[in-house]
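Chemist: One structure, as structure tokens, below. Some questions next.
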Amino acid sequence: MPFSHKITSGFPIMQRLAYPVCALMFSGLCLALFFNTPSPDLSALYLAGYAVANGLPDTLYALGPEGLGGAPAAEQHALIAEIGLRTTDPVAPFVYPPLWAWLVAPFTELLTLKAFQNGVLVLHVAMLSVSVGLAWKVVRPPHMTLAQFVCVGFAFLAVSAPAIDAIAQNTPQIATLFLVLLAFERYRASSFAMAGMILAVAAAFKLSPLFLVLIFILERNARATGAFALTGAALAAMSVALAGWPLHARFLGLLADIDAVILFDKSNYAPEVVLYQLKALLTGSTLSQQPPSLPEPFWLSTVMAALMLAALAALILMRPRLVPGTAVPVLLLGFGLATALFGPVSWALYFTLPLLLLPTLFHIMSRKAAWRWIIAIGALQSLPLTQLYAQISDSLYVTSLMGVLCYMGLLVVLVGLVFRAVRFQPDVPLPFR
-1 MPFSHKITSG
9 FPIMQRLAYP
19 VCALMFSGLC
29 LALFFNTPSP
39 DLSALYLAGY
49 AVANGLPDTL
59 YALGPEGLGG
69 APAAEQHALI
79 AEIGLRTTDP
89 VAPFVYPPLW
99 AWLVAPFTEL
109 LTLKAFQNGV
119 LVLHVAMLSV
129 SVGLAWKVVR
139 PPHMTLAQFV
149 CVGFAFLAVS
159 APAIDAIAQN
169 TPQIATLFLV
179 LLAFERYRAS
189 SFAMAGMILA
199 VAAAFKLSPL
209 FLVLIFILER
219 NARATGAFAL
229 TGAALAAMSV
239 ALAGWPLHAR
249 FLGLLADIDA
259 VILFDKSNYA
269 PEVVLYQLKA
279 LLTGSTLSQQ
289 PPSLPEPFWL
299 STVMAALMLA
309 ALAALILMRP
319 RLVPGTAVPV
329 LLLGFGLATA
339 LFGPVSWALY
349 FTLPLLLLPT
359 LFHIMSRKAA
369 WRWIIAIGAL
379 QSLPLTQLYA
389 QISDSLYVTS
399 LMGVLCYMGL
409 LVVLVGLVFR
419 AVRFQPDVPL
429 PFR
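See the structure below:
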């Protein structure tokens, strides 16, 4: 019997108290550190709601002369001043569907920007605390106790760069993460229609969860897929009815613009950033004075499209090789990694979900190997090491390089283990068909 199992099995009270104690400590630490901290993403969401409340919806997707990552547009300056900010304060561009500006608009008439941000921070910290329990119910890892899972989950939330980045920015991506885990917790509990509805809400907030419906399709679950489609159609119809089609066309155009450029930032873990910088270094080009974004070359967009299609095809082909109890967490981890790596932008905070799902490895590899992967990725993606990466080089974003190596490597190992276990081993392990 492993030493860690002896400890937790000998202290049942410790197992019961591990979750509430860790959740309270984590919540208290986050609120103490980040209360009253400005949030560029929430400022953008509040500004959009304020614009709608004041009858100026045409300013939602306005960009300044520098484009993405630059100063706000001139038509937003007056609104920014009215909500208590300066034009030099960090305000991210509004890249959410128009529906959310209409939903937030009533809150801008009741709450100041600071009160809104603090209220959302409390909600986000609570969501992250609950997400650890939801991840446990989704993954259900063998050879791992609840106390061990809780300790690993809160350790990732407390010390990993992606999670701390998400909390520090108080980003709405936290709500998306929570909704995705809640959807698949309901799915594992056989509440299929509710799972589809919740996932549709998550996809209406950030479009990346759209790919996760492939799990319902691969599982041949008509109830979950149908509920997702109906709820998504209802939300889309409501959004168009409230905001009109021209705003939606501008939103889709903005997404296309983001997808057509490379955003250079040390928190962007996109493979395209690493490939472009490596190519520039090999050809002797200078990157020290580069703008925050550049048009994506055709060769690079082709490579990225091929990589994404290959990843999706591999994940789809994995499903017949997995028994039902293992398929959902393995596919969710795989699709979570693929959508974060190959989306229009791969901010570090998008990888908080794969980190919480990392104990899925216990389903497909030995206990020792799974622990080694968890410890290695936890160390390599810890905040102290990430801060060290950021100081190593200005010509090559080492933070992006390490992020791509960790998460792309994890995706390759995930797929490779499934195919190798079925194709080459004569005695197929229990998790595999």
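The opening position of the sequence shown corresponds to residue -1 in the working numbering, with each subsequent residue numbered one higher. C-beta: ideal position from N, C-alpha, C; glycine also.
(1) Closest to L197 by CA distance: which of A231, T169 and A166 is it?
(2) Exposed or buried, which one is V257 when buried takes at least 16 other CB atoms within 10 Å?
(3) I'd like to confirm the pairing. Which residues does DSSP put opposite I256 in its beta bridges?
(4) Compare the beta carbon distance of G401 and Y274 with 7 Å and say whether it is the shorter of the two.
(5) Following the continuous beta strand (DSSP E) through S291, name the residue where it begins and the one where it ends.
(6) Given 8 Å as the limit, is there contact between the region 386 to 394 and the region 160 to 177, that is, 3 or more CB pairs closer than that?
(7) With distance defined between alpha-carbon atoms, name the residue in S380, S364 and L356 nearest to V435.
(8) Please state whether DSSP places F422 in a helix, a strand or coil.
(9) For F351, which residues from the same chain have a beta carbon less than 8 Å from its beta carbon, with the 5 sequence-adjacent residues on both sides left out?
(10) Counting C-beta neighbours from all protein chains within 10 Å, is the total for K277 16 or more, i.e. buried, or is it exposed?
(11) If we require 4 or more residues per run, which alpha helix (DSSP H) segments fall completely within the region 295 to 346?
(12) Give the straight-line distance between the Cα atoms of G323 and G251, rounded to the nearest whole angstrom.
(13) Beta-carbon within less than 8 Å of S62's beta-carbon, same chain only, minus the 5 sequence neighbours each way: which residues are those?
(14) Which residues mark the beginning and the end of the alpha helix (DSSP H) in which V238 is found?
(15) Measure the C-alpha to C-alpha separation of I362 and L412 and round it to an integer number of angstroms.
(16) Could you compute how far the alpha carbon of H122 sits from the alpha carbon of I172?
(17) Does the Cβ of V259 have 16 or more other Cβ atoms within 10 Å, making it buried, or fewer, making it exposed?
(18) Starting from I81, trace the alpha helix (DSSP H) both ways and give me its first and last residue.
(19) Taking Cβ positions, are T358 and L331 nearer each other than 7 Å?
(20) Flag this pair as yes or no: are the beta carbons of V148 and C28 separated by less than 7 Å?
(21) Does the Cβ-Cβ distance between A161 and F152 come in under 7 Å?
(22) Apart from the five residues on each side of it in sequence, which residues of its chain come closer than 7 Å, Cβ to Cβ, to V272?
(23) Do you know how far the Cα of A99 is from the Cα of A49?
(24) Compute the beta-carbon to beta-carbon distance between F360 and M142, rounded to the nearest angstrom, for a pair I have assumed lies under 8 Å.
(25) Please report the residue range of the alpha helix (DSSP H) in which D39 lies.
(26) So does the region 182 to 191 actually touch the region 374 to 388, counting three or more Cβ pairs closer than 8 Å?
(27) Find out if the Cβ-Cβ distance for the pair R317, L212 is shorter than 7 Å.
(28) Taking all protein chains shown into account, do 16 or more other C-beta atoms lie within 10 angstroms of the C-beta of D56, making it buried, or fewer, making it exposed?
(29) Thinking just about the alpha-carbon of each residue, which of L315, Q115, T106 and M23 is nearest to the one in P38?
(30) For the alpha helix (DSSP H) that Q74 lies in, which residues bound it at each end?
(31) My assumption, with CB atoms under 8 Å, is that A42 sits in contact with F105. Please give the rounded CB distance.
(32) Which partner residues of L29 appear in the DSSP bridge assignment?
(33) For the alpha helix (DSSP H) containing P269, name the first residue and the last one.
(34) Tell me L261's beta-bridge partners as DSSP assigns them.
Modeler: The relevant details are as follows:
(1) The sequence position of residue 197 within the sequence shown is 199, counting from 1. Selected option, being the one with the closest Cα: A231.
(2) To locate residue 257, count along the sequence shown from 1; it is residue 259. According to the sequence provided, residue 257 is Asp. The question's Val does not apply to it. Counting Cβ neighbours within 10 Å, D257 comes out exposed, since fewer than 16 surround it.
(3) To locate residue 256, count along the sequence shown from 1; it is residue 258. Answer is none; I256 lacks a bridge partner.
(4) Translated into positions along the sequence shown, residue 401 becomes position 403. Translated into positions along the sequence shown, residue 274 becomes position 276. G401 places its beta carbon 7 Å or farther from that of Y274.
(5) Numbered from its first residue, the sequence shown carries residue 291 at position 293. Per DSSP, S291 belongs to the beta strand (DSSP E) from S291 to P293.
(6) no
(7) Shown here, the chain extends from -1 to 431; a query on residue 435 therefore has no answer.
(8) Numbered from its first residue, the sequence shown carries residue 422 at position 424. Low confidence applies to F422: its pLDDT is 45, below 50, so where it sits in the model is not reliable enough to give any reading.
(9) The count along the sequence shown starts at 1 and reaches residue 351 at position 353. For the sequence presented, residue 351 should be read as Leu rather than Phe. Excluding positions up to five away in sequence, the list reads L175, V178, L179, G334 and A338.
(10) If you number the sequence shown from 1, residue 277 lands on position 279. Residue environment: K277 is assigned as exposed (fewer than 16 neighbouring CB atoms within 10 Å of its CB, all protein chains considered).
(11) 296 to 316 and 322 to 340
(12) Translated into positions along the sequence shown, residue 323 becomes position 325. Translated into positions along the sequence shown, residue 251 becomes position 253. So the alpha carbons of these two residues sit roughly 40 Å apart.
(13) Translated into positions along the sequence shown, residue 62 becomes position 64. Reading off the sequence shown, one finds Gly at residue 62, where the question assumed Ser. Contacts found: G68, A69, P70, A71 and A72.
(14) Residue mapping note: residue 238 aligns to position 240 of the sequence shown, counting from 1. V238 -> alpha helix (DSSP H) spans A220 to A241.
(15) Residue numbering aside, residue 362 sits at position 364 when the sequence shown is read from its first letter. Residue numbering aside, residue 412 sits at position 414 when the sequence shown is read from its first letter. The straight-line gap from Cα to Cα measures roughly 8 Å.
(16) Taking the sequence shown and counting its residues from 1, the one referred to as residue 122 is at position 124. Taking the sequence shown and counting its residues from 1, the one referred to as residue 172 is at position 174. Going from the Cα of H122 to the Cα of I172 covers about 6 Å.
(17) Locating residue 259 in the sequence shown gives position 261, where the first residue counts as 1. Classified as buried, V259 has 16 or more neighbouring CB atoms from the shown chains inside 10 Å of its CB.
(18) Taking the sequence shown and counting its residues from 1, one reaches residue 81 at position 83. The continuous stretches of alpha helix (DSSP H) do not include I81, and DSSP gives it neither H nor E.
(19) For this step, residue 358 is matched to residue 360 along the sequence shown. For this step, residue 331 is matched to residue 333 along the sequence shown. Against a cut-off of 7 Å, the Cβ pair of L331 and T358 comes out as a contact.
(20) Here residue 148 corresponds to residue number 150 of the sequence shown, with the count starting at 1. Here residue 28 corresponds to residue number 30 of the sequence shown, with the count starting at 1. No, the pair does not count as a contact, with Cβ atoms beyond the cut-off.
(21) For the purposes of this step, residue 161 is taken as the residue at position 163 of the sequence shown. For the purposes of this step, residue 152 is taken as the residue at position 154 of the sequence shown. In this structure, F152 does not lie closer than 7 Å to A161 by Cβ.
(22) Here residue 272 corresponds to residue number 274 of the sequence shown, with the count starting at 1. Within the same chain, Cβ atoms closer than 7 Å to the Cβ of V272 are found at S398, L399 and V402, the five residues on either side in sequence being excluded.
(23) Residue mapping note: residue 49 aligns to position 51 of the sequence shown, counting from 1. Residue mapping note: residue 99 aligns to position 101 of the sequence shown, counting from 1. One alpha carbon belongs to A49, the other to A99, and they sit about 8 Å apart.
(24) For the purposes of this step, residue 360 is identified with residue 362 of the sequence shown, where counting begins at 1. For the purposes of this step, residue 142 is identified with residue 144 of the sequence shown, where counting begins at 1. Yes, they are in contact, since the Cβ atoms of F360 and M142 sit about 6 Å apart, within 8 Å.
(25) Taking the sequence shown and counting its residues from 1, one reaches residue 39 at position 41. Residues P38 to A51.
(26) no
(27) Start at 1 with the first residue of the sequence shown, and residue 317 comes out as number 319. Start at 1 with the first residue of the sequence shown, and residue 212 comes out as number 214. Taking 7 Å as the Cβ cut-off, R317 and L212 do not qualify as a contacting pair.
(28) What you label residue 56 is simply residue 58 of the sequence shown in a count that begins at 1. Counting the other CB atoms within 10 Å of its CB gives D56 a total below 16, which places it among the exposed residues.
(29) Here residue 38 corresponds to residue number 40 of the sequence shown, with the count starting at 1. Of the listed residues, the one whose Cα sits closest to P38 is Q115.
(30) For the purposes of this step, residue 74 is taken as residue 76 along the sequence shown, with counting starting at 1. No alpha helix (DSSP H) holds Q74; DSSP gives it neither H nor E.
(31) Counted from its first residue, the sequence shown places residue 42 at position 44. Counted from its first residue, the sequence shown places residue 105 at position 107. Going by Cβ atoms, the distance from A42 to F105 rounds to 14 Å, so no, they are not a contact pair.
(32) Counting from 1 along the sequence shown, the entry for residue 29 is found at position 31. Bridge partners of L29: none, in fact.
(33) The residue given as residue 269 occupies position 271 in the sequence shown. Note, P269: alpha helix (DSSP H), P269 to L280.
(34) As a position in the sequence shown, residue 261 is number 263, starting the count at 1. L261 is bridged to S291.
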